[in-house]
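Participant: Take a look at the following structure, please.
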């Protein structure tokens, strides 16, 4: 993942961030706030999965267990215990992190595909528990989750208000991910992904790092799940099912696994598609399956990844004057396409 | 002869053990197919459940549209499903071997979604009935054992033993085992390894189709039957040890029976017991009962 | 005297890549039927890569390779094998899940002219003793003998041996040298990669020194006898 020259996104970072911020602020006046919030929550879920798959190199099939259990936890805390919504969401994230740490301890001992199968089976166990537990409401889920008042002051009843709150939270979470990926910790993770035996021989407690990353990823997925419960005021079984895990994975690969923007783009594509086809549940499956196949066979790097590669190729061929004008940065180990 | 054991009526125990053995038969056959495919191709075939469903539907279709009964289906359906697998391997799957095997897995996952989506579209989520080919049963003082159920158990065991024999004791099997260890070297011996991979995938998938036909008269033939089964089967595979033939068979039958007994003793936990066992096995022996640490 | 019309193996201008890295920069050599040719050189010079290219295991390669006059560009390894080539890799590749006899019987007989199992056991008696042992329970020397013995059944006449004496005790090395001698008498053609110059000089007819992906030197037994000191210095022996 090292770069000879800064990527398009890195070079134009300020411009892009400003444009992005403006877009986010203006968005609810162009599209339905609920739809946008759904997008943001799923983008965060996809980003949390990306952290594991793209940067640590471990494919988790069970991220729905974090997303969904946090959803239940938050819903219960807010509805039954009367928690403040912020506290409720944090509680959900904490629950997800705890599940993450526990499954992580079991799953991380195995590498590669075995890790994935274990996360899948653990997620299925969580699904069964959710199905049977009285407090989750079984097939009905937990309904009528109150929006509440943020910090006792700001009523979240209004969709527009809630949008900005969620926006702040999600942006903060993405910023956190970005910081982690670019930190020394993140660089060690990338080193482990690229050459684990080498990292071990350098003295790194590889499993500790992986476990920490996994727990963090779980917490972030939980954050997304908790927020979703508040937004939609419901927590359901679908949120803990393998269908959601599969969708998160789809968003990741469609967008681009080793990129920061990938999950966002992926979420946009998948959620919009699901919304448009919501009348035909089977069609959604067929389309999703086809997208999986196409991306895996032809566009492995995902949308953002392919754009990055295209721009990098153009820059290398010297067709953009910027590539000549800007001196190439010395790549750090684990530098990442933005 | 007493009619209870540990407080449970013998008839009930016998009934649950029978159901457990039936489920175990399916778990074993499905895990076997997955183990063979994973063992040689290093691919986790996420389409396995959908291919099982396909087998059941082919059986149903053969009867519905061509009037061909179960015994025809038992031969034809695995063939059809196996050929579909061969086609998938030949056209798409083999292009993914040279990169991270996650992509091959994702391809089979996508294929499963397409397959299930198509069948759901055509048939909805309701099941189609399939007639019992062997009516009647064995009437004993303890319980009534339907002939078909006994047939399923016997046929599954037979198929498992046959597969084990072919892989462990024949020349073809030794090619497979050697190609698993060092495919390139085996190619230099003149063995057509790419063709072998294709046929192996086809065989594994055919086993799924075979399971589907066997399941058709017992469970309704519906598009969801595969995805409901496959996740439990993955847990069985992890318990038995990924890529282990013996592990798949032993874990499959064993867990089926365990599930059956649990249904009697603690009904609410029956759906979970396989996963709980998986967690325990992972904590104690992460490579699975018969697996190897690679 | 063997016919000298068509070389058993001809390599011209062979370049090869591992991904983006170029490993071979133009290799040229021939092997005549019945000869024993040795590729010498330091680690990483490209000797093993050359062998892999010949058997078809080097994905990216250009240049001319012909076996008995048949060009092999674009051929799959299993088809190249059917031209009468057999490969004994450096890591030996003994299959752990098979016993000795299964390992021996694994390579299929592709054409007539190969040795029978009994003939192989006569050549390597200690393999017969250990016929039912799991492949990996053998000592290094026995594994090497097994790796060589395995490819004698197929009917291939051109044997590619990659470092057959690596890591073995002198006594075993001698035995392997004897075995190779017997194989030559039976008409096998041998292309060998060796770092053990002493061994190679006792076995080979002609020698090519490979350096940084190219042939640096080429000499035969006679030159070896007369130019001994210079050659030994060249090889850093």
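Residue numbers (the working numbering), protein chains in the order written: chain C, 1 to 338; chain S, 1001 to 1294; chain E, 2001 to 2237. Idealized CB from N, CA, C, for every residue including glycine. Every value quoted in this text rests on a predicted model; they were computed, and no experiment measured them.
Whole angstroms is fine: what's the gap from residue 2164 of chain E's alpha carbon to residue 2194 of chain E's?
Facilitator: Stepping through the third chain from its first residue, residue 2164 of chain E is reached at position 164. Stepping through the third chain from its first residue, residue 2194 of chain E is reached at position 194. Their backbone Cα atoms lie some 7 Å apart in a straight line.
Participant: Nearest chain B C-beta to residue 289 of chain C closer than 7 Å, yes or no?
Facilitator: The structure shown has no chain B; the protein chains it does contain are C, S and E.
Participant: Would you mind working out which of C:198, C:217, C:159, C:146 sits nearest residue 178 of chain C, comparing C-alpha positions?
Facilitator: Indexing the first chain from 1 puts residue 178 of chain C at position 178. Nearest C-alpha to residue 178 of chain C among C:198, C:217, C:159, C:146: C:217.
Participant: Starting from residue 1197 of chain S, find everything on chain E with Cβ-Cβ shorter than 7 Å and list it in chain order.
Facilitator: In the second chain, residue 1197 of chain S corresponds to position 197, counting from 1. Per Cβ cutoff of 7 Å: no residues; residue 1197 of chain S is ~12 Å from chain E at best.
Participant: So residue 2134 of chain E contacts chain S; which residues on that side make the cut at Cβ distance below 7 Å?
Facilitator: The residue given as residue 2134 of chain E occupies position 134 in the third chain. The premise fails here: residue 2134 of chain E is roughly 12 Å from chain S at the closest Cβ pair, so nothing lies under 7 Å.
Participant: Where does residue 2008 of chain E sit, in a helix, a strand or coil, going by DSSP?
Facilitator: Working through the third chain from its first residue, we reach residue 2008 of chain E at position 8. Looking at residue 2008 of chain E - three-state DSSP - the assignment turns out to be coil, as it is neither helix nor strand.
Participant: For residue 31 of chain C, which residues from the same chain have a beta carbon less than 8 Å from its beta carbon, with the 5 sequence-adjacent residues on both sides left out?
Facilitator: Numbered from its first residue, the first chain carries residue 31 of chain C at position 31. Excluding sequence neighbours, residue 31 of chain C sits near nothing in its chain.
Participant: Taking the C-alpha atoms as reference points, what is the distance between residue 1237 of chain S and residue 1247 of chain S?
Facilitator: Locating residue 1237 of chain S in the second chain gives position 237, counting from the first residue. Locating residue 1247 of chain S in the second chain gives position 247, counting from the first residue. Rounded to whole angstroms, residue 1237 of chain S to residue 1247 of chain S spans 8 Å at the Cα level.
Participant: Between residue 96 of chain C and residue 72 of chain C, what straight-line distance do the alpha-carbon atoms span, to the nearest angstrom?
Facilitator: Counting from one through the first chain, the residue named residue 96 of chain C turns up at place 96. Counting from one through the first chain, the residue named residue 72 of chain C turns up at place 72. The straight-line gap from Cα to Cα measures roughly 10 Å.
Participant: Do you know offhand how far residue 2098 of chain E's Cα is from residue 1264 of chain S's?
Facilitator: Here residue 2098 of chain E is taken as the residue at index 98 of the third chain, counted from 1. Here residue 1264 of chain S is taken as the residue at index 264 of the second chain, counted from 1. Taking the straight line from one Cα to the other gives about 44 Å.
Participant: Taking its Cβ as the centre, do 16 or more other Cβ atoms sit within 10 Å of residue 2029 of chain E, making it buried, or is it exposed?
Facilitator: Translated into the one-based positions of the third chain, residue 2029 of chain E becomes position 29. Buried, since its Cβ has 16 or more Cβ neighbours within 10 Å.
Participant: Give the range of the beta strand (DSSP E) segment to which residue 2067 of chain E is assigned.
Facilitator: Start at 1 with the first residue of the third chain, and residue 2067 of chain E comes out as number 67. Run containing residue 2067 of chain E: 2060-2067, per the beta strand (DSSP E) assignment.
Participant: How is residue 1006 of chain S classed by DSSP in three states: helix, strand or coil?
Facilitator: Within the second chain, numbered from 1, the residue matching residue 1006 of chain S stands at position 6. In the structure shown, residue 1006 of chain S sits in coil (DSSP, three-state: anything other than H, G, I, E or B).
Participant: Is residue 2074 of chain E close to chain S, meaning its C-beta is less than 7 Å from at least one C-beta of that chain?
Facilitator: Numbered from its first residue, the third chain carries residue 2074 of chain E at position 74. No - not a single Cβ of chain S is within 7 Å of the one on residue 2074 of chain E.
Participant: Please report the distance separating the alpha-carbon of residue 1211 of chain S from that of residue 1160 of chain S.
Facilitator: Sequence index remark: in the second chain, residue 1211 of chain S carries index 211 (1-based). Sequence index remark: in the second chain, residue 1160 of chain S carries index 160 (1-based). In this model, residue 1211 of chain S and residue 1160 of chain S are separated by some 11 Å (Cα to Cα).
Participant: Between which two residues does the alpha helix (DSSP H) harbouring residue 2216 of chain E extend?
Facilitator: Stepping through the third chain from its first residue, residue 2216 of chain E is reached at position 216. Looking at the DSSP string, residue 2216 of chain E is not in any alpha helix (DSSP H); the run it does join, the beta strand (DSSP E), is 2214-2220.
Participant: Could you tell me whether the stretch 1114-1126 of chain S touches the stretch 1172-1189 of chain S, where touching means 3 or more Cβ pairs closer than 8 Å?
Facilitator: no
Participant: Within this structure, are the beta carbons of residue 2058 of chain E and residue 2160 of chain E separated by less than 7 Å?
Facilitator: Residue 2058 of chain E sits at position 58 when you count from the first residue of the third chain. Residue 2160 of chain E sits at position 160 when you count from the first residue of the third chain. Taking 7 Å as the Cβ cut-off, residue 2058 of chain E and residue 2160 of chain E do not qualify as a contacting pair.
Participant: Taking all protein chains shown into account, decide if residue 334 of chain C is buried (16 or more other Cβ within 10 angstroms of its Cβ) or exposed.
Facilitator: Start at 1 with the first residue of the first chain, and residue 334 of chain C comes out as number 334. Caution is warranted here: a pLDDT of 31 is assigned to residue 334 of chain C, below 50, making its placement in the model unreliable, and the coordinate value is therefore given only provisionally. Answer is buried; the Cβ neighbour count reaches 16.
Participant: Going by beta carbon distance, what residues of the same chain come within less than 8 Å of residue 204 of chain C, once the five residues before and after it are set aside?
Facilitator: In the first chain, counting from the first residue as 1, residue 204 of chain C sits at position 204. The residues are 188, 191, 192.
Participant: Let me check understanding here. Comparing Cα to Cα, which of E:2191, E:2211, E:2235, E:2200 lies closest to residue 2032 of chain E?
Facilitator: As a first step, residue 2032 of chain E is located in the third chain; it is residue number 32 there, counting from the start. The candidate whose alpha carbon is nearest that of residue 2032 of chain E is E:2191.
Participant: Which value, in whole angstroms, describes the spacing of the CA atoms of residue 1259 of chain S and residue 138 of chain C?
Facilitator: As a first step, residue 1259 of chain S is located in the second chain; it is residue number 259 there, counting from the start. As a first step, residue 138 of chain C is located in the first chain; it is residue number 138 there, counting from the start. Cα-Cα distance, rounded: 22 Å.
Participant: Can you pull the chain C neighbours of residue 1103 of chain S, defined as C-beta to C-beta under 7 Å?
Facilitator: As a first step, residue 1103 of chain S must be located in the second chain, where it is residue number 103. Simply 296, 300.
Participant: Give the C-beta separation of residue 2154 of chain E and residue 2108 of chain E to the nearest angstrom, bearing in mind that I take them to be a contact with Cβ-Cβ under 8 Å.
Facilitator: For this step, residue 2154 of chain E is matched to residue 154 along the third chain. For this step, residue 2108 of chain E is matched to residue 108 along the third chain. With 8 Å as the limit, residue 2154 of chain E and residue 2108 of chain E qualify as a contact, their Cβ atoms being about 7 Å apart.
Participant: Run through DSSP, which three-state label would residue 2189 of chain E get?
Facilitator: To locate residue 2189 of chain E, count along the third chain from 1; it is residue 189. If DSSP states are grouped into helix, strand and coil, residue 2189 of chain E belongs with the strands.
Participant: What is the residue span of the alpha helix (DSSP H) that residue 2211 of chain E lies within?
Facilitator: Taking the first residue of the third chain as position 1, residue 2211 of chain E is located at position 211. That residue, residue 2211 of chain E, is in no alpha helix (DSSP H); its beta strand (DSSP E) goes 2206-2211.
Participant: Just the chain E side, please: which residues come within less than 7 Å of residue 1174 of chain S by C-beta, in chain order?
Facilitator: By one-based count along the second chain, residue 1174 of chain S stands at place 174. Correct list: 2098, 2102, 2106.
Participant: Among residues of its own chain, excluding the 5 on either side of residue 327 of chain C, which ones have a beta-carbon nearer than 8 Å to its beta-carbon?
Facilitator: Looking up residue 327 of chain C in the first chain gives position 327. Legend: pLDDT at residue 327 of chain C = 46, less than 50; position of this residue unreliable, value from coordinates given subsequently. Counting only Cβ-Cβ distances below 8 Å, and skipping sequence neighbours, we find nothing.
Participant: Give the single residue among E:2158, E:2137, E:2173 whose Cα lies nearest to the Cα of residue 2273 of chain E.
Facilitator: This structure leaves residue 2273 of chain E out entirely; chain E is present only between 2001 and 2237.
Participant: What are the residues in the stretch 103-121 of chain C lying within 7 Å of chain S by C-beta distance?
Facilitator: Correct list: 106, 109, 110, 113, 114, 117, 118, 120, 121.
Participant: How would you label residue 157 of chain C, buried or exposed, when you count the other beta carbons within 10 angstroms and need 16 or more for buried?
Facilitator: Position 157 of the first chain, counting from 1, holds the residue named residue 157 of chain C. Exposed.
Participant: Return the residues of the stretch 1266-1282 of chain S that lie within a Cβ-Cβ distance of less than 8 Å from chain C, sorted by chain order.
Facilitator: Answer in chain order: 1268, 1271, 1272, 1275, 1276, 1278, 1279, 1282.
Participant: Excluding the 5 residues flanking residue 27 of chain C on each side, which residues of the same chain have their C-beta closer than 6 Å to its C-beta?
Facilitator: Looking up residue 27 of chain C in the first chain gives position 27. Counting only Cβ-Cβ distances below 6 Å, and skipping sequence neighbours, we find 36.
Participant: Just confirm the distance between the C-beta atoms of residue 2115 of chain E and residue 2152 of chain E, as a whole number of angstroms; I'd bet it's less than 8 Å.
Facilitator: Mapped onto the third chain, residue 2115 of chain E falls at position 115. Mapped onto the third chain, residue 2152 of chain E falls at position 152. About 4 Å separates the CB atoms of residue 2115 of chain E and residue 2152 of chain E; that is less than 8 Å, so the two are in contact.
Participant: Am I right that residue 221 of chain C and residue 229 of chain C are in contact with their C-beta atoms under 8 Å? What's the rounded C-beta distance?
Facilitator: Reading the first chain from its first residue, position 221 is the one you call residue 221 of chain C. Reading the first chain from its first residue, position 229 is the one you call residue 229 of chain C. Not confirmed; about 13 Å, so no contact.
Participant: Measure from the alpha carbon of residue 1123 of chain S to the alpha carbon of each residue in C:315, C:282, C:293, then state which is nearest.
Facilitator: Within the second chain, residue 1123 of chain S is the residue found at index 123, counting from 1. When only C-alpha atoms are compared, the closest one is C:282.
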